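Residue numbers (our numbering): 143 to 308.
Laid out in C-alpha cells, this is it:
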C-alpha cells in the first residue's frame with residue numbers, strides 16, 4: 143500500500159447463523175441453506191472487501207482520499223473515464239464497513255474521506271479458506287477476480303488513453 147502502514151486484517155471467523163434465519167427459511171428445503179453455504183456467503187463478502195481494497199490501492203484512489211471527494215471528482219482527478227464513477231462509488235462503499243473510509247452525503251452526492259489506511263488484503267489466504275469451505279466456491283472467486291484482472295490488461299477502458307501504457 144502506498145501510504146502509511148496498514149492495519150492488520152481482521153481474522154475471517156464468521157459468526158454462527160442468526161437463529162431467526164431458520165424461522166424465515168422454514169418453508170424451504172434445509173439442504174438449500176446449509177452451514178457451508180452460509181460460510182461461503184460470508185467468505186465472499188469478506189473477499190469482495192479485500193478485493194476492493196486491493197483494486198482501489200492499485201488505482202491510487204486511496205491516496206487521494208485525504209480530503210472529501212466524490213467518485214466523479216476522483217475520476218476526474220485520476221483521469222478515469224467518467225463512466226467509471228458508479229463502479230468507483232460501489233468500490234468505495236465496500237470499504238465503509240471496514241472503518242478506513244467514511245462517507246457523507248451533500249444533497250444527492252456521496253463524498254468519501256480516508257480515516258486511516260486499510261488493512262492489507264489477504265486474497266490468497268481467503269481464497270484458500272473459501273476452497274476449504276467448498277471447492278465449488280472456485281468459480282465464484284474466479285468471477286470476482288475477473289474485473290480486477292481486466293484492469294491490468296485493459297486499463298484503457300478506465301483511464302484515458304494518454305495516461306495508460308498497458
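Ideal Cβ positions, reconstructed from N, Cα and C, are used throughout, including at glycine. None of the values given here were measured: they were computed from a predicted structure.
Helix or strand or just coil, what does DSSP make of residue i?
i: residue 153; result: coil
i: residue 254; result: strand
i: residue 169; result: coil
i: residue 248; result: strand
i: residue 235; result: helix
i: residue 159; result: coil
i: residue 262; result: coil
Determine the direct distance from the alpha carbon of residue j to that of residue i, and round the result to whole angstroms.
i: residue 159; j: residue 245; result: 29 Å
i: residue 210; j: residue 174; result: 43 Å
i: residue 230; j: residue 256; result: 15 Å
i: residue 161; j: residue 155; result: 18 Å
i: residue 150; j: residue 260; result: 9 Å
i: residue 250; j: residue 238; result: 18 Å
i: residue 272; j: residue 233; result: 21 Å
i: residue 172; j: residue 182; result: 16 Å
Based on Cα-Cα distance, which residue from the options lies nearest to residue i?
i: residue 219; options: 233, 232, 204; result: 204
i: residue 123; options: 276, 169, 188, 149; result: Since the first residue shown for the chain is 143 and the last is 308, residue 123 is missing from the structure and cannot be characterised.
i: residue 289; options: 196, 269, 182, 171; result: 196
i: residue 192; options: 153, 216, 208; result: 153
i: residue 200; options: 281, 263, 269; result: 263
Kindly examine the ligand PLP and report whether one of its heavy atoms sits closer than 7 Å to the Cβ of residue i.
i: residue 178; result: Annotation note on the ligand PLP: not contained in the displayed structure, which lists no ligands.
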